[in-house]
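Colleague: Numbering (the working numbering), first residue to last: 74 to 423.
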């Protein structure tokens, strides 16, 4: 029986310690083992934006492992296309963390890649991530403008090359995200739900959900996270597929759910305006950074315009496009991805 820990509170460091004390991770890690911590640093924004993992969680894990004689620790990540990982490390507080504890920051964008395969899909995966002895996944429980949510399963997308990230979008995300978790898996997951944007991955509309969840089954954890976000797990495509191919089980009734000071808990509410934006946007294999910037611009301007976006529009014509993939359109916003301010200017044109 799988065990899932759900911890409530307003102190991420204390909540992390509660999880670690309960799970006793040190018994699964050798003192000479290499340990990699994989947060979600998709953009260079602090955790208060609802976009990135709180560094206090990483700090507490590092201190806990040090206390148990486990010293070979690194932080490994790759920000989304168009964002520099080193900048995200700095802005999100991880450069300071690495300096304080003398641990290495690994930018996957600069790492050597190894080709892995499952179900006929070949993917370039970070050699460093594959070769680490114990991988701890530290996702954020938040919404996503294309897949509805992102947590444990999708967070491993930060362990592939930027080239593969683009290809994942051209393949529709659902299948490649599920299959990736057959190629590489985390040994343990601690998901941050203290500050999260329930609408999309770039942050900007955070809610203090005051919860963290942890376990070793990413499907079980993401199923629980979906409910926190007020979503039905069966509507998350990659979550359903991941269970079908045997990555884990979404059976919460059959699992041991250990609640530690959870209280009444909270359920996030997705911005209702997103549904209207989804009606207006014609997207065909759009990358997350491009799509998220368009959504952000439309939220800020309240624009009610039909916009096309995505790799599927390369070589095609149309009226209004977003991103270089729509360069043959009558009007389009340049960039890969285009900047939010540039999109806003175009949307405001009468």
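Every residue gets a Cβ at the ideal spot worked out from N, C-alpha and C, and that includes glycine.
1. So the beta strand (DSSP E) residue 395 belongs to, where does it begin and stop?
2. Answer yes if the segment 308 to 322 comes into contact with the segment 279 to 299, meaning at least three C-beta pairs across the two stretches below 8 Å, and no otherwise.
3. For residue 198 versus residue 257, is the C-beta distance shorter than 7 Å?
4. Starting from the C-beta of residue 195, find all residues in its chain whose C-beta is less than 8 Å away, skip the five residues before and the five after it, and write them out in chain order.
5. Which residue's Cα is closest to the Cα of residue 96: 152, 270, 77, 81?
6. Considering only DSSP beta bridges, list what residue 223 is partnered with.
7. Excluding five sequence neighbours on each side, which residues of the same chain lie with their C-beta closer than 7 Å to the C-beta of residue 377?
8. Excluding sequence positions up to five away, which residues of its chain have a Cβ less than 7 Å from the Cβ of residue 388?
9. When the distance is taken between beta carbons, is residue 145 closer than 7 Å to residue 213?
10. Going by DSSP in three states, residue 195 sits in which element: helix, strand or coil?
11. Any chance the segment 213 to 230 sits against the segment 244 to 254, with 3 or more Cβ pairs inside 8 Å?
12. Taking the runs of the beta strand (DSSP E) that are 3 residues or longer, which of them lie wholly in the segment 135 to 191?
13. Tell me where the alpha helix (DSSP H) around residue 94 begins and ends.
14. Please classify residue 74: is it buried, with 16 or more other beta-carbons within 10 angstroms of its beta-carbon, or exposed?
15. With distances taken Cα to Cα, identify the nearest neighbour of residue 422 among 408, 371, 398.
16. With a 10 Å radius around its C-beta and 16 neighbouring C-beta atoms as the bar for buried, classify residue 369 as buried or exposed.
17. List the whole-angstrom C-beta distance separating residue 211 from residue 130, where the pair is believed to meet the contact cut-off of C-beta under 8 Å.
18. Could you spell out the range, first to last residue, of the alpha helix (DSSP H) harbouring residue 291?
19. Going by the DSSP bridge assignment, what does residue 78 pair with across the sheet?
20. So, at 7 Å on beta carbons, what are the nonlocal neighbours of residue 221 in its own chain, with the 5 sequence-adjacent residues on each side left out?
21. Considering just the uninterrupted stretch of the alpha helix (DSSP H) at residue 361, what are its terminal residues?
22. With residue 410 as the anchor, note down where its alpha helix (DSSP H) starts and where it stops.
23. Taking three-plus beta-carbon pairs below 8 Å as touching, is the segment 132 to 151 in contact with the segment 379 to 399?
24. Let me check understanding here. Comparing Cα to Cα, which of 420, 105, 126, 102 lies closest to residue 269?
25. To the nearest angstrom, how far is the alpha carbon of residue 312 from that of residue 226?
26. Consult DSSP for residue 308 and reduce its assignment to one of helix, strand or coil.
27. Which same chain residues, not among the five before or five after residue 234, have their C-beta less than 6 Å away from its C-beta?
28. Does residue 151 pass the burial test, meaning 16 or more other C-beta atoms within 10 Å, or should it be called exposed?
29. Mark residue 361 as exposed unless 16 or more other C-beta atoms lie within 10 angstroms of its C-beta, in which case mark it buried.
30. Taking the alpha-carbon of residue 386 as reference, which of 373, 374, 403 has the nearest alpha-carbon?
31. Which value, in whole angstroms, describes the spacing of the CA atoms of residue 328 and residue 316?
32. Should residue 181 and residue 153 be called a contact, given that it needs their Cβ atoms to be closer than 7 Å?
33. Under 7 Å between the Cβ atoms of residue 273 and residue 365?
34. Name the one or two DSSP bridge partners that residue 111 has.
Modeller: According to the structure data:
1. 393 to 395
2. yes
3. yes
4. 188, 189
5. 77
6. 215
7. 353
8. 401
9. no
10. strand
11. yes
12. 146 to 150, 177 to 180, 186 to 191
13. 85 to 96
14. exposed
15. 371
16. buried
17. 6 Å
18. 291 to 301
19. 287, 331
20. 304, 308, 309
21. 361 to 374
22. Premise fails: residue 410 is in no alpha helix (DSSP H) and is neither H nor E.
23. no
24. 126
25. 8 Å
26. helix
27. 186, 197
28. buried
29. buried
30. 403
31. 15 Å
32. no
33. yes
34. 210
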